[in-house]
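A.B. asks: Residue numbering for the sequence shown follows our numbering, beginning at 12 and increasing consecutively. Yeah, the Cβ is synthetic: ideal placement off N, Cα and C, and Gly gets one too.
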Amino acid sequence: MDGKKMTALNKKTVEDIAVKGKRVLVRCDFNVPLKDGAITNDKRIAAAMPTIKYLVGEGARVILCSHLGRPKGEPTPEFSLAPVAVRLSELLGQDVAFASDVIGPDAKEKAAALADGQAMLIENVRFHKEETKNDAAFAKELASLAEIFVNDAFGSAHRAHASTTGVADYIPAVCGYLIQQEIKFMGGALADPKRPFAAILGGAKVSDKIGVIQNLLDKVDFLIIGGGMAYTFYKAYGYTIGNSICEDDKVDLAKELIRQAAEKNVALLLPDDNMVGDKFDPACNDMLVDSYNIPDGWMGMDIGPKTTGKYAGVIKSAGTVIWNGPMGVFEMDKFSKGTYAIAEAVANSGAVSIIGGGDSVAAVKNSGYSDKMSHISTGGGASLEFLEGKDLPGIACLNNA
Ligand code: AMP
């Protein structure tokens, strides 16, 4: 276990600190989609409820904060968190007051007036340009609203902003349940995986996943490659890839990764067959071909059934599976089969299964298997950086247990 991850695994949680009667600033991810001022999907608010309910139940005085959209550092009515306070009140079953500023008089008055077990929400932290600059004076002022900081916004934990990191310089800082789960599953898998450990990596480009591949090569037993990034590896092997997506400037890197995998005794698996299309269009002509010989004028769009069977066999035998990136262009029905078949294999494998953020989460949700996964990450960029082995500032700043 290396020192860095040991630190991430070792962070204090809300349960490790006395909160009764204390004002607790909780950084949440309430970056919800809005249409004409109405919330169209409240999953992120619902996901924050376990931490909020725990704090309220323990008699803390809860001050919630979040960013919403990209308001460019000034008050912008369309990015107001006011609708979130209404939804929070409904989900919590008690009134959640809303302060119309962040560190202004309204926030300060309402925070001071909180009774034990009450909660409030302050306005969008990104209404101040100092937030994303992690300005020390702004962070200090924000921290002065409270006596304890709880970070529960994993999706923003890779950003060193005032409300994710800066406030921890002034008051004790712990994680909420959402971040605790991320650390437990992703940190646990990286530090001490149940073996065999298989990583499944897909998505459009190798360049987005270089850091992840390099970090995982030191840890996994199997590296399963699918999606658009496979064709850069094929080119490294000298295969014919037709019009498939390929990063020519990464072919040498792919060769190096193949060499490193062999040196580290990692089985690097590439597809044997592919569904190809004659254009990038749901209405294209399609056919199944061997991966080493994709004809001119055709592009690889999904893994084929032979590959799915091979990958499913490895997944079935695995003790831990981490998956980041779809196996094909799953947004097009006819090229979604490979991704969904892998979702089914992961769900039924009995392995500890961890789905990295972004498109793989959407794919797993569409597949109907999300309930069978051990952990679905709540952060896209943050989960990639975590898998790259980087210290996330929003986690590094928390107190060690
Ligand atoms: P990422 O965000 O890097 O995980 O990439 C996800 C995107 O990769 C999805 O939108 C997929 O449609 C795309 N993708 C997967 N396989 C392919 C492929 N063979 N060719 C082009 N794009 C692909």
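What would DSSP say about M240, mapped onto helix, strand or coil?
C.D. replies: coil
A.B. asks: Would you say L281 faces chain C, with C-beta separation under 8 Å as the test?
C.D. replies: The structure shown has no chain C; it contains just one protein chain.
A.B. asks: Quick check: what's the CA-CA separation for W334 versus V113?
C.D. replies: Rounded to whole angstroms, the gap between the alpha carbons of W334 and V113 is 38 Å.
A.B. asks: Measuring CA to CA, which of G311, Q271, I305, P306 is closest to D292?
C.D. replies: G311
A.B. asks: Enumerate in chain order the residues of its own chain whose CB-to-CB distance from V30 is below 8 Å, with the five nearest sequence positions on each side excluded.
C.D. replies: L66, E69, G70, A71, I159
A.B. asks: CB of F397 to nearest heavy atom of the ligand AMP: below 7 Å?
C.D. replies: no
A.B. asks: Output the distance between the C-alpha atoms of D283 and D402, rounded to the nearest integer angstrom.
C.D. replies: Straight-line Cα distance between these residues: approximately 36 Å.
A.B. asks: Rounded to whole angstroms, what is the Cα-Cα separation between S360 and V231?
C.D. replies: 17 Å
A.B. asks: Use the C-beta contact count for G390: other C-beta atoms within 10 angstroms, 16 or more gives buried, fewer gives exposed.
C.D. replies: buried
A.B. asks: Could you tell me whether any non-hydrogen atom of the ligand AMP is closer than 7 Å to the CB of M197?
C.D. replies: no
A.B. asks: Tell me where the beta strand (DSSP E) around M298 begins and ends.
C.D. replies: 297-301
A.B. asks: Hey, how far is the Cα of Q129 from the Cα of D163?
C.D. replies: 18 Å
A.B. asks: Are there three or more Cβ pairs, one per stretch, closer than 8 Å when the segment 359-378 is compared with the segment 194-209?
C.D. replies: yes
A.B. asks: Measure the C-alpha to C-alpha separation of A154 and V372 and round it to an integer number of angstroms.
C.D. replies: 33 Å
A.B. asks: To which residues of the same chain is A148 closer than 8 Å at the C-beta, ignoring the five residues directly before and after it?
C.D. replies: Hits under 8 Å: E141.
A.B. asks: For D307, which of helix, strand or coil comes out of DSSP?
C.D. replies: coil
A.B. asks: Are there three or more Cβ pairs, one per stretch, closer than 8 Å when the segment 234-248 is compared with the segment 206-219?
C.D. replies: Enough Cβ pairs lie closer than 8 Å, so yes.
A.B. asks: Do you know how far the Cα of S302 is from the Cα of S255?
C.D. replies: Straight-line Cα distance between these residues: approximately 11 Å.
A.B. asks: If you drop the 5 nearest sequence neighbours on each side, which residues of the same chain put their C-beta closer than 6 Å to that of P86?
C.D. replies: F138
A.B. asks: Three or more beta-carbon pairs under 8 Å between the segment 266-273 and the segment 318-326, yes or no?
C.D. replies: no
A.B. asks: Going by beta carbon distance, what residues of the same chain come within less than 6 Å of N226, once the five residues before and after it are set aside?
C.D. replies: Cβ within range, chain order: E399, G400.
A.B. asks: Exposed or buried, R34, counting other C-beta atoms within 10 Å across all chains shown (16 or more means buried)?
C.D. replies: buried
A.B. asks: Taking K272 as the reference, give the member of L234, L79, A118 with the closest Cα.
C.D. replies: A small correction: the amino acid at residue 272 is Ala; Lys does not occupy that position in the sequence shown. Out of L234, L79, A118, L234 has the C-alpha closest to the C-alpha of A272.
A.B. asks: Could you compute how far the alpha carbon of S394 sits from the alpha carbon of V97?
C.D. replies: 30 Å
A.B. asks: Pull up the DSSP beta-bridge partners for A108, would you.
C.D. replies: M131
A.B. asks: I'd like to confirm the pairing. Which residues does DSSP put opposite K22 in its beta bridges?
C.D. replies: N411
A.B. asks: Measure the C-alpha to C-alpha separation of A412 and S167 and round it to an integer number of angstroms.
C.D. replies: 22 Å
A.B. asks: Should I353 be listed as close to the ligand AMP, given that the test is whether its C-beta is under 7 Å from any heavy atom?
C.D. replies: no
A.B. asks: What does the Cβ neighbour count give for D263, buried or exposed, with the cut at 16 atoms within 10 Å?
C.D. replies: Its Cβ having fewer than 16 others within 10 Å, D263 is exposed.
A.B. asks: Compute the Euclidean distance between the alpha carbons of F165 and N304, then round it to the nearest angstrom.
C.D. replies: 42 Å
A.B. asks: When the Cα of K205 is compared with those of V107, S328, K345, which residue comes out closest?
C.D. replies: S328
A.B. asks: Can you find the residues in the same chain that come closer than 7 Å, C-beta to C-beta, to K261, ignoring five residues on each side of it along the sequence?
C.D. replies: V217, S218, T243
A.B. asks: With DSSP as the reference, label L413 as helix, strand or coil.
C.D. replies: Look at the range of the chain in this structure, 12 to 412, and you will see that residue 413 is not part of it.
A.B. asks: Just to check, is the beta-carbon of G187 closer than 7 Å to a non-hydrogen atom of the ligand AMP?
C.D. replies: no
A.B. asks: Looking only at C-alpha atoms, which of M338, S91, L99, L36 sits nearest to R55?
C.D. replies: L99
A.B. asks: Leaving aside the five residues before and after C76 along the sequence, list all residues of the same chain whose C-beta is less than 8 Å from its C-beta, in chain order.
C.D. replies: L36, V37, R38, C39, V113, L132, I133, V136, L153, S174
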